[in-house]
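Terminal number for the sequence shown in the numbering used here: 538, no gaps in between. Below is one structure, written out as structure tokens, with a few remarks after it.
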Amino acid sequence: MSNSGTLVIAVPSKGRLQENAAAFFARAGLGLVQGRGARDYRGRIAGLENVEVAFLSAAEIVTQLAAGAAHLGVTGEDLVRETVPDADAKFELLAPLGFGNANVVVAVPQAWIDVKTMADLEDVAATFRAKRGERMRVATKYVSLTRRFFAASHVTDYRIVESAGATEGAPAAGTAELIVDITTTGATLAANGLKVLDDGVILRSEANLVASLAAPWNEEAREAARIILARIAAEEAARTTCEVSARLAQADVELFAHAEVLFAARPRRHLADGWLTLTCPAEKVAALADWLVRQGAAEVTVNALDYVFAAENRLYERLLARLD
Numbered sequence: 215m216s217n218s219g220t221l222v223i224a225v226p227s228k229g230r231l232q233e234n235a236a237a238f239f240a241r242a243g244l245g246l247v248q249g250r251g252a253r254d255y256r257g258r259i260a261g262l263e264n265v266e267v268a269f270l271s272a273a274e275i276v277t278q279l280a281a282g283a284a285h286l287g288v289t290g291e292d293l294v295r296e297t298v299p300d301a302d303a304k305f306e307l308l309a310p311l312g313f314g315n316a317n318v319v320v321a322v323p324q325a326w327i328d329v330k331t332m333a334d335l336e337d338v339a340a341t342f343r344a345k346r347g348e349r350m351r352v353a354t355k356y357v358s359l360t361r362r363f364f365a366a367s368h369v370t371d372y373r374i375v376e377s378a379g380a381t382e383g384a385p386a387a388g389t390a391e392l393i394v395d396i397t398t399t400g401a402t403l404a405a406n407g408l409k410v411l412d413d414g415v416i417l418r419s420e421a422n423l424v425a426s427l428a429a430p431w432n433e434e435a436r437e438a439a440r441i442i443l444a445r446i447a448a449e450e451a452a453r454t455t456c457e458v459s460a461r462l463a464q465a466d467v468e469l470f471a472h473a474e475v476l477f478a479a480r481p482r483r484h485l486a487d488g489w490l491t492l493t494c495p496a497e498k499v500a501a502l503a504d505w506l507v508r509q510g511a512a513e514v515t516v517n518a519l520d521y522v523f524a525a526e527n528r529l530y531e532r533l534l535a536r537l538d
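Next up, the structure:
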């Protein structure tokens with residue numbers, strides 16, 4: 215797929231996943247460029263040498279990562295764990311990307327009012343076989359995930375019907391008694407008269423940045439990965455962190471200590487006239503601002519950050535730990 219010293223990144227080739235992946239890389243200052251336009255399945259990252267972008271289907275991305283033909287890839291965790299049973303031994307899931315969210319679930323007819331858990335399903339499956347002399351049918355595209363989950367839940371009296379079309383319609387069509395499928399809101403399941411078991415969420419999936427442990431991680435590929443992962447980590451840190459500024463008559467070491475304990479806030483600047491600037495997790499900004507007002511601040515301002523680069527490249531360190 216590439217020259218021996220080239221880092222290969224596989225990204226989705228079409229649809230919403232491609233749009234989200236391109237936006238993700240762009241936020242990190244890594245613009246994806248397709249050589250001859252949208253129909254070209256090879257590309258690059260603007261401004262970076264020794265990097266090739268391969269535009270593939272989400273399923274093919276997993277195949278290429280498993281074969282070591284791509285170093286990094288953007289694909290759903292559901293596809294990773296369905297396609298490769300020993301996924302954790304072959305891949306490092308470096309970072310969830312915040313899009314492509316969906317759950318792989320066990321769903322049964324709403325009419326099964328007494329079936330709420332996998333333990334209930336085990337009882338129903340045993341009764342079904344005793345009365346009919348056959349196993350319950352489970353329609354799914356997720357054969358491996360279903361088998362592992364059902365085994366862990368001690369459900370054995372079933373057989374899988376591999377679904378080629380709309381899985382949620384199988385019970386109504388009479389081709390299966392229940393299903394294992396992927397869902398985002400559950401609306402489609404409900405529209406087909408199905409419900410998710412209380413403990414029937416097999417996997418909470420989303421798009422991930424996945425590293426292949428089978429790829430040829432030579433010095434050039436590692437250096438390209440270091441640069442890319444530093445930018446991704448810097449964007450993520452900025453997106454999840456805010457800068458908070460206020461002026462207090464008294465701002466001392468004790469106040470900073472309280473701010474860190476209560477809000478994971480850290481001081482950035484503390485000027486002689488009482489102005490101080492802290493950084494804190496975005497979800498704690500409002501609480502920190504309210505606390506600073508109660509400490510005497512007349513006004514608190516909050517600024518978004520573009521990038522936060524750090525000496526420690528945690529994503530790259532995670533990759534190296536697996537490779538070495």
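Every residue, glycine too, gets a C-beta built ideally from N, C-alpha and C.
Does any heavy atom of the ligand GDP sit closer than 6 Å to the C-beta of residue i?
{"i": "Val294", "result": "Summarising the ligand content, the structure contains no ligands, and the ligand GDP is consequently not present."}
When DSSP builds the beta bridges, which residues end up paired with residue i?
{"i": "Met350", "result": "Tyr372"}
{"i": "Ser367", "result": "Looking at the DSSP assignment, Ser367 forms no beta bridge with any residue, so it has no partner."}
{"i": "Thr289", "result": "Asn422"}
{"i": "Trp489", "result": "Arg461"}
{"i": "Asn317", "result": "Thr397 and Arg418"}
{"i": "Ile327", "result": "Looking at the DSSP assignment, Ile327 forms no beta bridge with any residue, so it has no partner."}
{"i": "Leu307", "result": "Val424"}
{"i": "Gln248", "result": "Gly257"}
{"i": "Val222", "result": "Glu266"}
{"i": "Val516", "result": "Val458"}
{"i": "His484", "result": "Leu490"}
{"i": "Pro495", "result": "Thr455"}
{"i": "Val322", "result": "Lys409"}
Please list, in chain order, all residues of the same chain as residue i whose beta carbon is under 6 Å from its beta carbon, the five residues on each side excluded.
{"i": "Lys355", "result": "Ser377"}
{"i": "Gly245", "result": "Ala260"}
{"i": "Leu537", "result": "Trp431"}
{"i": "Tyr530", "result": "Arg440 and Leu443"}
{"i": "Arg418", "result": "Asn317"}
{"i": "Ala452", "result": "Leu519, Asp520, Tyr521 and Val522"}
{"i": "Glu270", "result": "Residue identity differs from the one stated: residue 270 is Leu in this sequence, not Glu. The residues are Ala224 and Ser227."}
{"i": "Ser367", "result": "Met332"}
Alpha carbon to alpha carbon, how far is residue j from residue i? Give it in angstroms, no decimals.
{"i": "Arg542", "j": "Asn527", "result": "With the chain covering only 215 through 538, there is no way to say anything about residue 542."}
{"i": "Gly287", "j": "Asn234", "result": "13 Å"}
{"i": "Leu392", "j": "Ala242", "result": "43 Å"}
{"i": "Ile239", "j": "Glu450", "result": "This sequence places Phe at residue 239; Ile is not what is there. If you take the alpha carbons of Phe239 and Glu450, they lie about 11 Å apart."}
{"i": "Gly312", "j": "Ala344", "result": "45 Å"}
{"i": "Ala425", "j": "Arg483", "result": "37 Å"}
{"i": "Asp328", "j": "Asp334", "result": "8 Å"}
{"i": "Ala460", "j": "Leu506", "result": "7 Å"}
{"i": "Ala268", "j": "Val357", "result": "28 Å"}
With a CB to CB cut of under 8 Å and the five nearest residues on each side skipped, what residues in its chain are close to residue i?
{"i": "Val375", "result": "Arg351, Val352, Ala353, Thr354, Ala384, Thr389 and Ala390"}
{"i": "Ala429", "result": "Val222, Leu279, Gly282, Ala283, Ala284, His285 and Ala435"}
As a quick exercise: from the options, pick the residue whose alpha carbon is nearest that of residue i.
{"i": "Ala421", "options": "Gly219, Thr220 and Gln232", "result": "Gln232"}
{"i": "Tyr372", "options": "Thr341, Leu492 and Phe470", "result": "Thr341"}
{"i": "Glu457", "options": "Glu468, Ala339 and Phe477", "result": "Phe477"}
{"i": "Ala284", "options": "Ser367, Ala366, Leu423 and Pro481", "result": "Leu423"}
{"i": "Gly510", "options": "Arg453, Gly488 and Val522", "result": "Gly488"}
{"i": "Leu359", "options": "Thr493, Ala460 and Asp300", "result": "Asp300"}
{"i": "Ala471", "options": "Leu492, Ala460, Ala452 and Leu485", "result": "Leu492"}
For residue i, which residues from the same chain have a beta carbon less than 7 Å from its beta carbon, with the 5 sequence-adjacent residues on both sides left out?
{"i": "Ala272", "result": "Pro226, Leu231, Thr289, Gly290 and Leu293"}
{"i": "Val499", "result": "Cys456, Val458 and Val516"}
{"i": "Ala463", "result": "Gly488 and Gly510"}
{"i": "Ala236", "result": "Leu246"}
Item to complete: Return the chain-ordered ranges of every alpha helix (DSSP H) run that is complete within the stretch 382-449 and spans a minimum of 4 residues.
Response: For the stretch 382-449, whole alpha helix (DSSP H) runs of length 4 or above, ordered along the chain, are 384-387 and 401-405.
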